[in-house]
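Numbering (the numbering used here), first residue to last: 1024 to 1189. Where is the CB? At the ideal position from N, CA and C, for every residue including glycine. For clarity, every value in this text was computed on a predicted model and none was experimentally measured. Worksheet: the structure to be examined is printed underneath.
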């Protein structure tokens, strides 16, 4: 899996958590999230009981730092622009209240629309393809089609080429 795909998946996971249980302190929540995502922490978690012993993790690898750097920018961007993103989703979903939508789908859409509107370094078609793949992996069988349909409508409103960087 590529670094950016991994980062997008982690971003969706954090946004999902944030959506269901908004933390009082974003920095603290992000720190806890990232420490729980560390590959060695996951490996230790699956290794068995440590009987209360504190496990020292090695420093993050370059790959882990790269994933976190990209994902953090996405997470913060989505949270900063959430009102705009939710409005855009509402504009393109007929007879769907945002709160009725599956939480994972809602956050995949927020992330992809954020990339399409605010990240000129990512071609919109890449954001759509990534979102559809993440939806297929983490949501229902029909979520890929649902996400693709909405993002295709958003893409139609863009002033930039869906395949090019700005």
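Nearest-angstrom Cβ-Cβ length linking residue i and residue j, presumed shorter than 8 Å
i: residue 1029; j: residue 1090; result: 5 Å
i: residue 1131; j: residue 1186; result: In fact, because the Cβ distance is near 21 Å, the residues do not count as touching under 8 Å.
CB contact flag (residue i, residue j, <8 Å)
i: residue 1097; j: residue 1109; result: no
i: residue 1174; j: residue 1151; result: yes
i: residue 1134; j: residue 1101; result: yes
i: residue 991; j: residue 1155; result: Past the boundaries of the shown model lies residue 991; the chain is included only from 1024 to 1189, so the question cannot be answered.
i: residue 1127; j: residue 1039; result: yes
i: residue 1061; j: residue 1046; result: no
i: residue 1058; j: residue 1125; result: no
8 Å CB neighbourhood of residue i in its chain, flanking five on each side removed
i: residue 1111; result: 1136, 1140, 1177
i: residue 1027; result: 1093, 1153
As assigned by DSSP and simplified to three states, the class of residue i
i: residue 1187; result: coil
i: residue 1090; result: helix
i: residue 1032; result: helix
i: residue 1050; result: helix
i: residue 1044; result: coil
Beta-carbon proximity list for residue i, same chain, < 6 Å, skipping 5 on both sides
i: residue 1022; result: Lying outside 1024 to 1189, the shown extent of the chain, residue 1022 is not represented and no answer is given.
Completely contained alpha helix (DSSP H) runs for the stretch 1096–1163, where each covers 4 or more residues: 1105–1115, 1126–1141, 1147–1161
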